[in-house]
Amino acid sequence: MCWSATADLVAGAGIATIGVVCVARVRRARDLPLAALPLLLGAHQIVESVVWRSGGGAGPATLAWAVVALPLPPVWVPLGVLLAAPPQARRRLLVPVAAGCVTAAWLAYCLATRTVTAEVRGHTVGYALDVPYAPLVVVGYLLATVGSLLLGADPAVRLLGVVVACGAVLCAALWRLEFISTWCALAALASVLMLLRVRGRRAGPAPPAPE
27 MCWSATADLV AGAGIATIGV VCVARVRRAR DLPLAALPLL LGAHQIVESV
77 VWRSGGGAGP ATLAWAVVAL PLPPVWVPLG VLLAAPPQAR RRLLVPVAAG
127 CVTAAWLAYC LATRTVTAEV RGHTVGYALD VPYAPLVVVG YLLATVGSLL
177 LGADPAVRLL GVVVACGAVL CAALWRLEFI STWCALAALA SVLMLLRVRG
227 RRAGPAPPAP E
């Protein structure tokens with residue numbers, strides 16, 4: 027939900043480029059899901075640029091946008107945080123992971139059995155999908171995504187959680203007032219933070235070689 031099709035495309039390309047850099051700089055395989063998060067965010071913006079150009083509706087681009095936005099993050103984010111966390115910190119992340127799996131399964135079911143539509147509204151795109159028990163789904167979604175980041179062992183991951191939490195509140199408030207959404211800026215900021223995390227890990231001492 028950005029300024030225009032062009033803005034979404036430019037933002038998506040930039041965020042995806044950051045994702046490529048993050049993935050290229052990863053030293054541990056278990057850091058890959060988190061490092062690849064900007065790629066997911068960038069792809070999301072690029073897909074939305076197609077939604078803009080198609081004038082909304084219920085076409086393949088709208089469905090692709092919904093898949094990336096709804097069932098994928100509640101699984102991707104907590105599992106990425108869990109894999110990147112040290113063993114002693116993983117137990118507290120099991121609740122967000124479980125919440126994410128249940129939430130993602132329900133959202134996937136809704137997408138499979140209902141139609142998601144998009145409507146261009148000035149400088150924003152609105153999406154509509156009938157999701158039963160929506161308040162519970164929102165709680166599960168936030169627990170899985172924001173909650174897992176805030177519970178992460180890495181200070182950079184926790185900072186990312188604070189930024190995403192504040193950004194989500196701000197974007198929700200602006201959306202209710204039908205102002206221009208700030209999701210593009212939030213995604214870009216999150217991607218920069220992830221790049222800084224990956225660079226910090228790469229600059230640190232290399233892990234000891236197995237004997």
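Residue numbers (our numbering): 27 to 237. All C-beta atoms in this analysis are idealised placements derived from N, C-alpha and C, irrespective of residue type, glycine included. In this text, all values refer to a predicted model and were calculated from it rather than measured experimentally.
Just to confirm before moving on: does the CB-CB distance between residue i and residue j stay below 8 Å?
| i | j | result |
| --- | --- | --- |
| Trp78 | Val151 | yes |
| Leu65 | Val49 | yes |
| Leu176 | Gly193 | no |
| Ser30 | His149 | yes |
| Pro100 | Thr171 | yes |
| Ser174 | Pro104 | yes |
| Ala42 | Val52 | no |
| Val240 | Leu219 | Examination of residue 240 is not possible in this model, given that the chain is present from 27 through 237 alone. |
Can you pull the DSSP bridge partners for residue i?
| i | result |
| --- | --- |
| Tyr153 | Ala144 |
| Gly83 | Ala144 |
Can you list, in chain order, the residues of its chain with a C-beta nearer than 6 Å to that of residue i? Leave out the 5 residues immediately preceding and following it.
| i | result |
| --- | --- |
| Ala90 | Val73 |
| Glu204 | The pLDDT assigned to Glu204 is 42, lower than 50, so where the model puts this residue is not dependable; a value taken from the coordinates is nonetheless given after this. Same-chain partners within the cutoff: there are none. |
| Ala115 | Ala179 |
| Tyr167 | Pro100 and Thr129 |
Would you grab the beta carbon distance between residue i and residue j for me? Rounded to a whole angstrom, and I think it's under 8 Å.
| i | j | result |
| --- | --- | --- |
| Gly68 | Ala144 | About 19 Å; that fails the 8 Å criterion. |
| Leu137 | Val93 | 7 Å |
| Ala87 | His70 | In fact, because the Cβ distance is near 11 Å, the residues do not count as touching under 8 Å. |
| Val142 | Tyr153 | 6 Å |
| Ala130 | Pro97 | 4 Å |
Nearest to residue i by alpha carbon, out of the options?
| i | options | result |
| --- | --- | --- |
| Asp156 | Ala134, Pro112 and Ala61 | Ala134 |
| Leu63 | Gly106, Arg53, Leu96 and Arg51 | Gly106 |
| Gly126 | Pro158, Leu169, Arg140 and Arg147 | Leu169 |
| Ala55 | Ala111, Ser217 and Thr88 | Ala111 |
| Ala182 | Pro113, Gln71, Leu215 and Ala199 | Leu215 |
| Asp34 | Leu212, Arg184, Ala115 and Ala191 | Leu212 |
| Pro158 | Trp132, Ala179 and Gly178 | Trp132 |
Any beta carbon of chain C sitting closer than 8 Å to that of residue i?
| i | result |
| --- | --- |
| Gly106 | Note that chain C does not occur in the displayed structure, where there is just one protein chain. |
Excluding the 5 residues flanking residue i on each side, which residues of the same chain have their C-beta closer than 7 Å to its C-beta?
| i | result |
| --- | --- |
| Leu221 | Ile44, Val47 and Cys48 |
| Leu109 | Arg56 and Pro59 |
| Arg225 | Arg51 |
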